[in-house]
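For reference, the structure is listed below as structure tokens.
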Amino acid sequence: EIEALGVPVVEDTAQASGSAGPDGRPGSLGTIATHSFYPSKNLGAFGDGGAITTADSGLAERVRMLRFHGSRDRVTYEEAAYNSRLDEIQAAVLRVLLPELPGWAAHRTAAGARYAAALDGVAGLPQATAGATPAWHLYVIRTAEPDALAAGLAERGIEARGYYRTPVNRQPAMACWHGADAVLPGTEEAARTHLAIPVSATITDAQVDEVAAAVQELLA
């Protein structure tokens, strides 16, 4: 709908590899999409890496030029740009791991469903869009005192943490942008109350149950 208005849509799919939405896979829904292959992501290489996808041939050609120092032919440099090529080692690793992604994603989806059943009514739970199949990169719950919950989990040998406690609109780098002084109570509340509990492509049902039981006990 936004694209129909002539507004380009840039997808950030860094945490969405392996998931699916009612309108398609992440990376296929907008004008252009970014993908992260950082080792901790759902599809991770052995080092830093990423990709950009688009169905726009003009955009694709420009991205290829920008990733190679601003050159299309490795001789003429049209503008100052970047050295952002995915190296062959990382590409080889990803080629081997890519066939494993559907299974890993299904495992994450199942772990999220198990958490949802165990923690319903105990903590605020992430809600997926109708018709979507999330491949939980993080499983993030909401509670009034997330730091206290994290401390209690740590005492039980369970790691949990908050991400992005300072919202983007309050980051110093955004101060020069229009709207940086906006009051965003929903954003502030989400930043303050969230906590990511363990989830991975290898987490076992027993581990999910252990974490859920600890959360239940600590929030009782």
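As numbered in my numbering, residues 188 to 407 make up the sequence shown, in order.
Idealized CB from N, CA, C, for every residue including glycine.
Check: Going along the chain, which unbroken runs of the beta strand (DSSP E) with 3 or more residues stay wholly within the segment 258-300?
Finding: For the segment 258-300, not a single whole beta strand (DSSP E) run of length 3 or above is found.
Checklist line | Assumed close pair Gly236, Phe224 - CB separation to whole angstroms, cut-off 8 Å | finding: By a beta-carbon distance limit of 8 Å, Gly236 contacts Phe224. Their separation comes to about 4 Å.
Note to self: Considering only their Cβ atoms, is the gap separating Ile345 from Pro385 smaller than 9 Å?
What the structure shows: Judged by beta-carbon spacing, Ile345 lies within the 9 Å limit of Pro385, meaning their Cβ atoms are closer than that value.
Check: Distance, Cα to Cα, Ala279 vs Val250?
Finding: Roughly 21 Å separates the two Cα atoms.
Check: Sorted by chain position, which residues of the same chain lie with C-beta nearer than 6 Å to Gly203's C-beta, five sequence neighbours on each side aside?
Finding: The residue asked about is misnamed: residue 203 is Ala in this sequence, not Gly. Excluding positions up to five away in sequence, the list reads Pro213.
Next item on the list: Measure from the alpha carbon of Ala407 to the alpha carbon of each residue in Gly339, Arg379, Ile219, then state which is nearest.
Entry: The residue with the shortest Cα to Cα distance from Ala407 is Gly339.
Next item on the list: Could you tell me which residues DSSP puts in a beta bridge with Glu198?
Entry: For Glu198, which the question treats as bridged, DSSP gives the partners Ala220.
Margin query: Any heavy atom of the ligand ATP inside 8 Å of the beta-carbon of Leu246?
Written below: Only the bare structure without any ligand can be found here, which leaves the ligand ATP out of the picture.
Margin query: Strictly by DSSP, which residues pair up with Ala383?
Written below: Answer is Val327, Arg348.
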